[in-house]
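S.K.: A single structure is presented below for examination.
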Amino acid sequence: MMNISDKGVLAEEPLSEAAVAAYLRAHPDFFERHLPLLEMMRVPHPCGEAVSLVERQTGLLRERNRALERKLVDLVQVARENEGLSRRMYQLALGLMQADSLDGVLATTQEQLRNGFRADVVVVRLCGDPRQGLHFTAPDDPAMRGFDALFETRRPRCGRLSEVQYQALFPGHDANGPRSAVAVPLLDGTRPLGVLGMGSHDDTRFHPGMGTLFLDYLSEIISHAILHRLAVEPPLSA
């Protein structure tokens, strides 16, 4: 026969914290069935004073709501900026279609990008015979060879360019030149057509982490406009 003392030895041990936590995870509706417990429970507060679980949960929900509101504001701001960029891209495309010469295409590109895209300096360097104009540079010129990697990747480079690239796009601007810049490849399919360079005196205007989607659009639009004018204008006489 088991005596009373034996029963005491076999008495159930108190639940561990891990067991309580496991039970609550397995029964998330526990407090819905025991609402009075919520008011009795006290939890630490970041400010130091203990508060009820209900108050703590309410505070957490307010913090989450504020975080969601901030994210929503950021999304709205990004949407507005993208809408503005889309409108300026549309205006640039219209201007390029109305240009009646290669010089007109390049002048429109420079004007639109300076006024609409917050670029202080805009240059276009085209691969070709320098006798065709100031915008042309021989493909084997060291200045253009500095963009070989740009043409291989077919992706814009944002931020601080190499010294060779900087001098090729912005010669003579060492002291007061752009503090940040972007180089955009202009392409005829896979063949290098030239480079579009944009510079800003603001060293944060163009940076490596910026998105390049609209820069890719710029590359396509300007490349097509240049190719169209090169096709219809008479070639350079020998």
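In this note's numbering, the protein residues as written are 142 to 379.
No residue lacks a Cβ here, since even glycine has one placed at the ideal position from N, Cα and C.
Since the model is a prediction, treat every value here as computed from it, not as a measurement.
(1) Taking Cβ to Cβ, would you say arginine 298 is nearer than 8 Å to valine 323?
(2) May I ask you to verify whether the stretch 202-214 touches the stretch 334-354, counting CB pairs closer than 8 Å and requiring at least 3?
(3) For valine 263, which residues from the same chain have a beta carbon less than 6 Å from its beta carbon, with the 5 sequence-adjacent residues on both sides left out?
(4) In three-state DSSP terms, what is glycine 340?
(5) Would you verify that the beta carbon of alanine 309 is, or is not, closer than 8 Å to some beta carbon of chain C?
(6) Roughly how many angstroms lie between the CA atoms of alanine 234 and isoleucine 362, to the nearest whole one?
(7) Entirely within the stretch 275-326 and at least 3 residues each: give me those beta strand (DSSP E) ranges in chain order.
(8) Please confirm if the stretch 239-248 is in contact with the stretch 362-373, defined as three or more CB-CB distances below 8 Å between the two stretches.
(9) Does the beta-carbon of methionine 285 have 16 or more other beta-carbons within 10 angstroms, so that it is buried, or is it exposed?
(10) If leucine 327 and serine 303 are in contact, beta carbons under 8 Å, what's the gap, nearest whole angstrom?
(11) Note down, in chain order, each residue of its chain lying with its Cβ closer than 7 Å to the Cβ of phenylalanine 171, except the 5 sequence neighbours on either side.
(12) Pull up the CB-CB distance for phenylalanine 288 and glutamine 306, whole angstroms please, since I reckon it's below 8 Å.
(13) On the CB-based measure, 16 or more other CB atoms within 10 Å of its CB, does alanine 366 come out buried or exposed?
(14) Please return the same chain residues whose Cβ sits closer than 6 Å to the Cβ of proline 155, not counting the five positions on each side in sequence.
(15) Given glycine 269, which residues of its chain have a CB within under 6 Å of its CB, disregarding the five upstream and five downstream residues?
(16) Quick one: what's got a C-beta closer than 7 Å to glycine 236's C-beta in the same chain, skipping five residues either side?
M.R.: This is what the structure gives:
(1) Going by C-beta atoms, arginine 298 is nearer than 8 Å to valine 323.
(2) Too few Cβ pairs lie closer than 8 Å, so no.
(3) Taken in chain order, the residues that qualify are Gln251, Leu254, Arg255, Met339.
(4) Here glycine 340 sits in strand by DSSP.
(5) The structure shown contains no chain C, having only a single protein chain.
(6) Here the alpha carbons of isoleucine 362 and alanine 234 stand approximately 7 Å from one another.
(7) For the stretch 275-326, whole beta strand (DSSP E) runs of length 3 or above, ordered along the chain, are 298-300.
(8) The stretch 239-248 and the stretch 362-373 touch, with no fewer than 3 CB-CB distances between them shorter than 8 Å.
(9) Under this definition methionine 285 is a buried residue.
(10) The pair is not a contact, with the Cβ atoms about 18 Å apart (cut-off 8 Å).
(11) Excluding sequence neighbours, phenylalanine 171 sits near Leu165.
(12) Between glutamine 306 and phenylalanine 288 the Cβ distance is about 6 Å, and since that is below 8 Å, they are a contact.
(13) By the 10 Å Cβ count, alanine 366 comes out buried.
(14) Hits under 6 Å: none found.
(15) Contacts found: Phe277.
(16) Same-chain partners within the cutoff: Thr249, Gln253.
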